[in-house]
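Under our numbering, the first residue of the sequence shown carries the number 0, and numbering increases by one thereafter.
Ideal Cβ positions, reconstructed from N, Cα and C, are used throughout, including at glycine.
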Amino acid sequence: MNKQNHNIYFNTRDELTKVCLDDVMYVTSEGNYLVLRFKSGRTQMLLASLSNFEQLTKSVPDVHFLRIGRSHVVNLAYISQVNSLRKTITLVDDSMREALELVVPKEAIRALKQTMEQSLNNPIPCFHTHNGNMEAYREEE
């Protein structure tokens, strides 16, 4: 079975750029430009806004991006950890040698955790430590 690629196109006066959303880990805004970070480590700069990117990605099924704060849009498929204390999001893909860490505002971390918990089918499995031992439990609504 072939994996479907989810592509979007950015069209400016001078160029047309195809972007495979499945490979985009996150997007950062830098002035009038977007910097796309791919799982391969490659980056690409495009003349567009985060709002343009969000609007385009909402029309693509099975790809889920979420705006984090004012300057980041993150592909939820690559998030492996959200750390409220350090205010970081860890992004990982099996093809990467090292995980990527983004520092984001505390309010954005809080909103991300809430969105991720809501997007999962509740009740969700959770783990916590008790006297140094990790225990599993299910959070009930």
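- Looking from the CA of V73, the closest CA among V81, M115, S79 and F64 belongs to F64.
- Taking C-beta separations shorter than 7 Å and ignoring five residues to either side along the sequence, the partners of T114 in its chain run L65, following chain order.
- Beta-bridge partners assigned by DSSP to N31: none are found.
- Counting only runs of 3 or more residues that sit fully inside the region 19-66, the beta strand (DSSP E) segments are 23-29, 32-37 and 42-46, in chain order.
- The way I'd put it, the region 84-97 does touch the region 24-42; three or more beta-carbon pairs between them come closer than 8 Å.
- In the structure shown, L75 adopts helical secondary structure according to DSSP, grouped into three states.
- With distances taken between CA atoms, E100 lies nearest to M24 out of K112, N4 and M24.
- Here S58 is exposed. Its C-beta has fewer than 16 other C-beta atoms within 10 Å.
- Within 10 angstroms of the beta-carbon of A98 lie fewer than 16 other beta-carbons, which makes it exposed.
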